[in-house]
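Visitor: Going from the sequence shown to our numbering is simple: count from 1 and add 2. Positions of the beta carbon are idealized from the N, C-alpha and C atoms, including for glycine. In this text, all values refer to a predicted model and were calculated from it rather than measured experimentally. Quick one: the structure is below, and I'll ask about it shortly.
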Amino acid sequence: MIEAPEPASPGPGGGPQLLLFAEPLQREGLLRLLGAEGSSFRLAISPAELTGAPQLVLWSLAAPLEPTTLLRELEQLEQRWHPAPLLLLLPAMPACNRDWLLQLPVTGLLQQPEPDQVREAVATLLAGGRVLDLRGGNSSEATPGTSPKAAGAIGPGQGLGQSLLQSGLLQIDADLQLCRSLLKTQPENLLLVALLEGRLRELAAARTFLLWLWGPLSLAWGTPEPGEAGVPQPPSSGSTAITLRQRTAEGVWQAIQARLAIASGCDREGGRALTSQAEGALFALQGLSPERRRDLLMALLGQLDQLLQRLRQERLRGDELQGRWLQLQPELRHQALRQMAGPYVQLPQQGALLPVADTLSGQSDLLLDDPELPPCLPMLAALLSAQPLLVEGRLLAPDEPQALLHLEALVSNWLVRTAELISAQVLACCGDWPELRRYLLVQELLATRSLERLRNQLNARQRWSEWFERPIQLYESRRLLYRLEGGAIQPLLLTEPRDQELRQLGWLQQAVTLALESRDALAPQLQALLRRLGDLLVVVLTQVVGRAIGLVGRGILQGMGRGISKP
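Here you go:
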C-alpha cells in the first residue's frame, strides 16, 4: 500500500524552501513569480544558499537535452535531494517522445507552462501530490526505449507480413484523414458527400481485411518488437494533464473520475456527452438522446464512486472482493437506470400514467455481464488499497502516469460497456412504449421501423462478435477496450493472455480458432510451395519455351534469307 508522502518540514525561519536550477533569464522570471509579495517560499538558486534540506527542487530547461543526458541528470538530482519532490519544466519542443517522458523519475512534469500553472504545481507538490501536463505535437521523434513503429517507421528486421501490414495501414490512415478533413468542411455538393462517405466505408473495410489477412501471419514471418503494444497511451494529438492532490488510492480515483467526466462531456452542466462514436462501431448508447447519455454516464460515475467507498469500508481482499463486486453490479445498474430516467417522471401508457424509473427497472434484465470485461481484481486492488499494477511487464504504483492511464482505460471500458448494457435494455422497453421514445431516444428513432432496424443491427452485430470476432481475439490474446476521449468512444486493443477464456469456448468458436491455427500452420509450407512453383515456371519459360521460340524464330529468319537470295 502506498501512503501519501509527507512533505519535508521547512527549514528554520520561514516557509517551504525551494531550490531552483535554470538559465539566468528563466531563473529571474521564476524568482519574480515564486518570490512575489505575499509568498512564503524561501528560494535558493544554489545548494550553498540552502538552510537545511529543500522541500522542492525545480529544474527549468531552456533548450532540449538528449534523452540519455536528461535521464542521467534527473537520476542524480533524485539521489542527491531525496525525498524532496522534483518539478521539471520542459520547453515547447523537448525532442523526446511523450510516452518516454511519462517514465521519467519526476513528481511534477510541465511542458511550456503558464505562470499560474507553475504556482499551482508547486503548491500541489508541497502538499504531497503529483502534477503532469504535456502539450500535443511532441511525439514525432523517436527516443530510446520506443519502437520504430510507434514513430511510423518500418524496421529492417521486420518480416514480410509486418512490413506489408505497416505500410498498408499507414496508407489507409492517410486516406482516412484526408476524407475526414474534406467532410469537416461540409461541402454543399451531395454527390461529393456520398462519394466521401463511401470512400470512408471502403477504407474501413480494407483496413479490417488487411488486419485479418496479415495480422496472424506476421507472428510466423517475423518477431514483433517488444513494448509496442499493451499499455494505453495518451493520444498523439492534444494535451495530457494529470493532477493528483494526494498520491493515495482515493486521490488516484478522484483524478480518474475528473478526467473521465471531462472526456465524456459530463463536467459541463447541460452539455452533451458522446456526440460522436468510434469509427465503424455500432452502439446502443447512440440511440439515447444526448441529454440521457450524459445523465446515464454521470449516474454510473456516481454509483461507481459510492460502490468504491462501500468496498473500502468492507475491507475485502482477493476472491471475496471480486465476488462482492460482481454481486453488486446488478444493483448498481438498476440505480443508474433509475437515476437516468428520473425518479419522479411519469409518462402515459395505454391511458394510464406510469412511473418511468420503476417500469424500466422492473422490465429490464440487468443480471447479464459482458464477457469482454477484463478481470476486475487488479483494477479494484489499485483503486481501493493502492496496490501496484502490472503495466507493460512492470509493477508500477497507481500514482505513476502510465499506471494511472491504464487504470483510466479500465474504468472507461467498464463505464462504456455498462452503459451499453443499460442502453440495450432501454431500447427494448421503448419498442412497446411509444411515449417513452420521445423522452429517452434521439429524434431519428421515433419511427418504429427505425428503432427495430437499429435493434436488429445490434443483435446481428452481437452474434457476429460472439461467434467469430471474440474467438479470433481470444486466440490472438487481444482484448478490445473502449476509452472515452474528447467526447467520443475510441477503441483500444491490448495484448494479454486469455488462455482460460479460450478453453471455455463452444464448438463453433473453437472451429474458428482451429481454422486460424490451420492457416498459420499451412502458411509457411504454402509460401514455400508457391515459391518453388514460381521458380519452376521461370525455368520452363526461360529454358524450354524461350529456347524453343528462339529456334523457331531463327529457322524462320534463315528460310526468309534463302528465299530472298534466290533469283
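1. Determine the extent of the beta strand (DSSP E) in which S62 is found, giving its start and end residues.
2. Give the range of the beta strand (DSSP E) segment to which I491 is assigned.
3. DSSP three-state call for E68: helix, strand or coil?
4. Mapping the DSSP letters down to three states, classify R556 as helix, strand or coil.
5. Just the Cα atoms here: how many angstroms apart are H92 and A260?
6. Distance, Cα to Cα, N140 vs E77?
7. Taking only the alpha-carbon atoms, compute the straight-line gap between P69 and W102 and give it to the nearest angstrom.
8. Mapping the DSSP letters down to three states, classify V108 as helix, strand or coil.
9. Using C-beta distances below 7 Å, list every residue in its chain close to G304, excluding the 5 sequence neighbours before and after it, in chain order.
10. Please report the residue range of the alpha helix (DSSP H) in which P400 lies.
11. List the DSSP bridge partners of A46.
12. Three Cβ pairs or more, each shorter than 8 Å: is that satisfied between the region 532-550 and the region 501-508?
13. Bridge partners for I244 per DSSP, in chain order?
14. Would the region 308-317 and the region 384-392 be scored as touching if the rule is three or more Cβ pairs under 8 Å?
15. With burial defined as no fewer than 16 other Cβ atoms inside 10 Å of the residue's Cβ, what is the status of V547: buried or exposed?
16. Check whether the region 104-111 and the region 71-85 touch, using three or more Cβ-Cβ pairs below 8 Å as the test.
17. Which term fits L443, buried or exposed, when burial requires 16 or more other beta carbons within 10 angstroms of its beta carbon?
18. For L306, name the three-state secondary structure that DSSP assigns.
19. What would DSSP say about V393, mapped onto helix, strand or coil?
20. Taking the beta carbon of L298 as the centre, do at least 16 other beta carbons fall within 10 Å, making it buried, or is it exposed?
21. If you reduce the DSSP assignment to three classes, tell me which class Y484 lands in.
22. Once the 5 residues before and after E62 are set aside, which same chain residues still bring their CB inside 6 Å of it?
23. Use the C-beta contact count for S366: other C-beta atoms within 10 angstroms, 16 or more gives buried, fewer gives exposed.
24. So what does A577 bridge to, in DSSP terms?
25. According to DSSP, which residues form a beta bridge with L89?
26. Apply the 10 Å Cβ neighbour rule to R249 and answer buried if 16 or more other Cβ atoms are within range, or exposed otherwise.
27. Assign L290 to one of three DSSP states: helix, strand, or coil.
28. Could you tell me if S414 is buried or exposed, where buried requires 16 or more neighbouring beta carbons within 10 angstroms of its beta carbon?
29. Starting from T126, trace the alpha helix (DSSP H) both ways and give me its first and last residue.
30. Compare the C-alpha of L482 against each of A196, R472, C378 and name the closest.
31. Going by Cα to Cα distance, which pick from G31, L397, L21, L32 is closest to T53?
Guide: With the structure as the only source:
1. 58-62 is the span of the beta strand (DSSP E), which, as asked, contains S62.
2. 490-497
3. coil
4. helix
5. The amino acid occupying residue 92 in the given sequence is Leu; His does not appear at that position. The straight-line gap from Cα to Cα measures roughly 25 Å.
6. Any reading at N140 needs caution, since the residue's pLDDT is 44, under 50, leaving its predicted position unreliable; the model's value is listed next. The alpha-carbon atoms of N140 and E77 are separated by roughly 23 Å.
7. 9 Å
8. coil
9. none
10. No alpha helix (DSSP H) holds P400; DSSP gives it neither H nor E.
11. L21
12. no
13. L134
14. yes
15. Residue environment for V547: exposed (fewer than 16 other C-beta atoms within 10 angstroms of its C-beta).
16. Enough Cβ pairs lie closer than 8 Å, so yes.
17. buried
18. helix
19. strand
20. Looking at its Cβ environment, which holds 16 or more other Cβ atoms inside 10 Å, L298 is buried.
21. strand
22. It should be pointed out that residue 62 corresponds to Ser in this sequence rather than to Glu. Only A24, Q28, L91 meet the Cβ criterion.
23. buried
24. Nothing can be reported for residue 577, as the shown portion of the chain is limited to 3 through 569.
25. L60, G110
26. Buried, since its Cβ has 16 or more Cβ neighbours within 10 Å.
27. strand
28. buried
29. 117-128
30. Measuring from the Cα of L482, the nearest candidate turns out to be R472.
31. L21
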